[in-house]
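Undergrad:
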Amino acid sequence: LSAMLYTIPESCFDNEVLNASGLVLVNFWAPWCGVCRLIDPLLHKFQADWRNKVKLVSINADRSLKLATTYRLQSLPTLIFFSNGELLYRLDSLHFENKAEVTAMLNALMHQAQALQTAKKMNHKQILSRVLPSGDRLC
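Okay, so the sequence shown: first residue is -8 according to my numbering, each after it adds one.
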């Protein structure tokens, strides 16, 4: 696997993020942003640690002004977690002072996001089990 983060243009955002199933972490950055370059190794490690559990995409905010406006980016980097297209968590640059804290925060958010996904699936199954006759089973 390449060590590169998956960078997408604004035109692919809906397909790659909003229409994606599962967890997506979006990294909004800019070429002139020093802190963006500093957290890049953390994002590479995060991507490696959570390989098949989350898709990580990067978006150049300077080339994606519509998205920057939509998500009201006030500082870079900004990281936003999505689950099945729904915005879950947002981390702005004021949270990026300590690398260990950033790593711990990203991991904690992943655990919370996974727990939320599991809870939603369980709730969906519980609702279906109430609707289906007792002899029917879910696959």
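Each residue gets a CB set at the ideal place from its N, CA and C atoms; glycine is no exception.
Should S2 and N75 be called a contact, given that it needs their Cβ atoms to be closer than 8 Å?
TA: no
Undergrad: How many Å lie between V122 and K36 at the Cα?
TA: Summary for V122: the model assigns pLDDT 46, below 50, so the residue's position carries little reliability, and this model does not support an answer.
Undergrad: Check for me: the beta strand (DSSP E) holding I30 runs from which residue to which?
TA: Unbroken run through I30 is the alpha helix (DSSP H), G25 to D40; no beta strand (DSSP E).
Undergrad: Of the residues D40, I(-1) and A104, which one's Cα is nearest the Cα of W20?
TA: I(-1)
Undergrad: Kindly list the residues whose CB is nearer than 6 Å to the CB of Y80, restricted to its own chain and excluding five residues on each side of it in sequence; keep chain order.
TA: F72 and L100
Undergrad: With H, G and I counted as helix, E and B as strand and the rest as coil, what does DSSP make of S2?
TA: If DSSP states are grouped into helix, strand and coil, S2 belongs with the helices.
Undergrad: Name the residue from L33, L67, L16 and Y(-3) whose alpha carbon lies nearest to the alpha carbon of C24.
TA: Between C24 and the set L33, L67, L16 and Y(-3), the nearest pair of CA atoms involves L67.
Undergrad: I need the straight-line Cα distance from K112 to E77, nearest angstrom please.
TA: 15 Å
Undergrad: Just how far apart, CA to CA, sit L29 and V45?
TA: 21 Å
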